[in-house]
Amino acid sequence: MSRRKETIITGLFLAGLILFGFISCQKTADKKETNSSEPLRPTPVKVYKVKKQKISEKLIYTATLEAWKKQAITPDISGKIARIYVAEGDKVSKGQLLAELDTQSIRLQLQQAQAALSAAKANLEDAQRNFERMERLFKEKAVSEQQYEKARLALEAAQAQRDQAEATVKLAQHTLDVSIMKAPFDGVIASKNAEEGDVINPMMGGLTATSGVVMLVDYSKIKVKFDVAPEDIQKIKKGQRVFVQGYDNFSNEKLEGEITVVNSSADPQTKKFRVEALVNNQDLILKPGTFGQVVVEVDSRDNALAVPQSALLNNSYVLVVEGNKAAKKNVTTGLKNTEMIEITSGLKEGDLVIVEGNFGLAEGSPVEVEGEVEK
Numbered sequence: 002m003s004r005r006k007e008t009i010i011t012g013l014f015l016a017g018l019i020l021f022g023f024i025s026c027q028k029t030a031d032k033k034e035t036n037s038s039e040p041l042r043p044t045p046v047k048v049y050k051v052k053k054q055k056i057s058e059k060l061i062y063t064a065t066l067e068a069w070k071k072q073a074i075t076p077d078i079s080g081k082i083a084r085i086y087v088a089e090g091d092k093v094s095k096g097q098l099l100a101e102l103d104t105q106s107i108r109l110q111l112q113q114a115q116a117a118l119s120a121a122k123a124n125l126e127d128a129q130r131n132f133e134r135m136e137r138l139f140k141e142k143a144v145s146e147q148q149y150e151k152a153r154l155a156l157e158a159a160q161a162q163r164d165q166a167e168a169t170v171k172l173a174q175h176t177l178d179v180s181i182m183k184a185p186f187d188g189v190i191a192s193k194n195a196e197e198g199d200v201i202n203p204m205m206g207g208l209t210a211t212s213g214v215v216m217l218v219d220y221s222k223i224k225v226k227f228d229v230a231p232e233d234i235q236k237i238k239k240g241q242r243v244f245v246q247g248y249d250n251f252s253n254e255k256l257e258g259e260i261t262v263v264n265s266s267a268d269p270q271t272k273k274f275r276v277e278a279l280v281n282n283q284d285l286i287l288k289p290g291t292f293g294q295v296v297v298e299v300d301s302r303d304n305a306l307a308v309p310q311s312a313l314l315n316n317s318y319v320l321v322v323e324g325n326k327a328a329k330k331n332v333t334t335g336l337k338n339t340e341m342i343e344i345t346s347g348l349k350e351g352d353l354v355i356v357e358g359n360f361g362l363a364e365g366s367p368v369e370v371e372g373e374v375e376k
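Counting in the working numbering, the sequence shown runs from 2 upward without gaps.
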């Protein structure tokens with residue numbers, strides 16, 4: 002094949018490629034023009050109808066739960082434990098006998114003291130009669146002043162012996178009383194920390210000195226303790242309502258209480274403020290020694306316009322449905338909680354605020370309402 006023929010064939014091939022490319026581009030352009038003329042498909046959304054309602058601003062914390070009364074039951078004296086009448090988990094009433102020391106020697110001491118008191122009283126009666134006789138004779142000048150003084154001093158000595166004997170009886174009785182351990186209040190035996198036969202010495206420390214022969218708790222009320230960050234502490238006030246739920250409470254029941262303590266100084270390490278609340282727990286739903294969630298109602302407003310938190314975009318605006326299109330509404334906000342936020346301006350009652358499908362949705366985009374969310 003000659004060089005001239007090769008050149009002609011190559012030229013024809015290149016011309017064909019150029020023509021094919023031009024036709025393809027034209028078809029693509031025509032297709033784009035056709036697509037751009039098609040209407041945009043509406044975005045499916047769900048809406049919330051704005052209405053007036055009560056809204057409460059709430060703060061949520063993790064709290065430790067403690068019994069509001071707790072006491073280690075320990076005798077004031079040393080001795081060997083003779084009997085323990087209760088077990089862990091027992092419910093007891095105020096004044097109920099819980100445990101006692103071996104009181105045999107104490108009872109003997111009490112008997113001796115009572116006998117000595119009886120003798121002292123008899124001696125006092127004799128001394129009183131003798132003094133009265135001597136006093137009468139002294140007035141009649143039948144006895145000397147020395148004899149009279151001797152009788153008077155004998156009476157005073159007998160009175161002192163009687164007083165001392167009474168004190169000894171009281172001491173022995175007190176020793177007996179404190180060797181018997183009774184419940185100071187209604188409650189539950191949280192733990193049993195000693196056994197019958199153990200020798201206890203509260204002054205020496207150790208297990209029973211710190212936690213008692215038994216530990217008695219009353220958790221018909223619960224102390225709720227939690228820590229609040231500096232930026233929130235100004236919102237916390239004594240008397241505010243709280244709602245508490247135990248993390249191990251599978252019924253999801255929340256118990257109501259109120260704040261009783263707000264510390265004015267922060268922990269030097271955590272920089273947080275300790276707050277305490279007291280919650281009624283009559284059904285013993287909350288358990289001491291566990292953790293729970295506490296919700297503090299720091300403020301509330303009646304007849305407020307509020308929308309779900311999911312409606313607010315960029316913390317400054319919401320999208321509402323107007324004429325089947327998304328319309329942007331700049332808003333200002335007020336109180337808020339985990340679900341709702343108050344709208345103080347920018348919306349009116351009855352507006353349909355988009356709460357689902359609003360992420361990435363442009364203003365003016367067509368929308369199709371698939372349902373209304375109730376809150």
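Idealized CB from N, CA, C, for every residue including glycine.
All figures in this text were calculated on a predicted structure; none of them were measured in a lab.
Report yes if the C-beta distance between residue i and residue j is below 9 Å; otherwise report no.
{"i": "SER311", "j": "ASN359", "result": "yes"}
{"i": "ASP233", "j": "LYS95", "result": "no"}
{"i": "GLY90", "j": "VAL189", "result": "yes"}
{"i": "ILE286", "j": "GLU197", "result": "no"}
{"i": "TYR62", "j": "VAL280", "result": "no"}
{"i": "MET182", "j": "LEU111", "result": "no"}
Does DSSP put residue i in a helix, a strand or coil?
{"i": "ASP300", "result": "strand"}
{"i": "TYR149", "result": "helix"}
{"i": "GLN54", "result": "strand"}
{"i": "LEU287", "result": "coil"}
{"i": "ASP228", "result": "strand"}
{"i": "ALA305", "result": "strand"}
In the DSSP assignment, find the beta strand (DSSP E) that holds residue i and state where it starts and stops.
{"i": "PHE132", "result": "Looking at the DSSP string, PHE132 is not in any beta strand (DSSP E); the run it does join, the alpha helix (DSSP H), is 105-140."}
{"i": "ILE344", "result": "341-346"}
{"i": "ASN281", "result": "274-281"}
{"i": "ILE190", "result": "188-193"}
{"i": "THR333", "result": "333-337"}
{"i": "THR261", "result": "256-263"}
{"i": "ARG42", "result": "Segment: none, ARG42 is in no beta strand (DSSP E) and carries neither H nor E."}
{"i": "LEU102", "result": "98-102"}
{"i": "PHE244", "result": "242-247"}
{"i": "GLY324", "result": "Here GLY324 belongs to no beta strand (DSSP E), and DSSP marks it neither H nor E."}
At the level of alpha carbons, what is the spacing between residue i and residue j?
{"i": "LEU60", "j": "LEU217", "result": "33 Å"}
{"i": "GLU357", "j": "ASN325", "result": "15 Å"}
{"i": "TRP69", "j": "LYS52", "result": "42 Å"}
{"i": "GLU101", "j": "ALA88", "result": "14 Å"}
{"i": "SER381", "j": "VAL297", "result": "One cannot answer for residue 381 here, as it falls past the ends of the chain, which runs 2 to 376."}
{"i": "LYS288", "j": "GLU340", "result": "28 Å"}
{"i": "ASP199", "j": "ILE82", "result": "6 Å"}
{"i": "GLU364", "j": "GLU323", "result": "11 Å"}
{"i": "ALA152", "j": "VAL144", "result": "11 Å"}
{"i": "ARG130", "j": "ALA155", "result": "11 Å"}
{"i": "ILE260", "j": "THR65", "result": "14 Å"}
{"i": "GLY240", "j": "PHE227", "result": "15 Å"}
Classify residue i: buried if its beta carbon has 16 or more other beta carbons within 10 angstroms, exposed otherwise.
{"i": "SER180", "result": "buried"}
{"i": "ALA128", "result": "buried"}
{"i": "ASN315", "result": "exposed"}
{"i": "ASP77", "result": "exposed"}
{"i": "GLU371", "result": "exposed"}
{"i": "GLY293", "result": "buried"}
{"i": "THR75", "result": "buried"}
{"i": "GLU126", "result": "exposed"}
How is the alpha helix (DSSP H) around residue i delimited, first residue to last?
{"i": "GLU232", "result": "231-234"}
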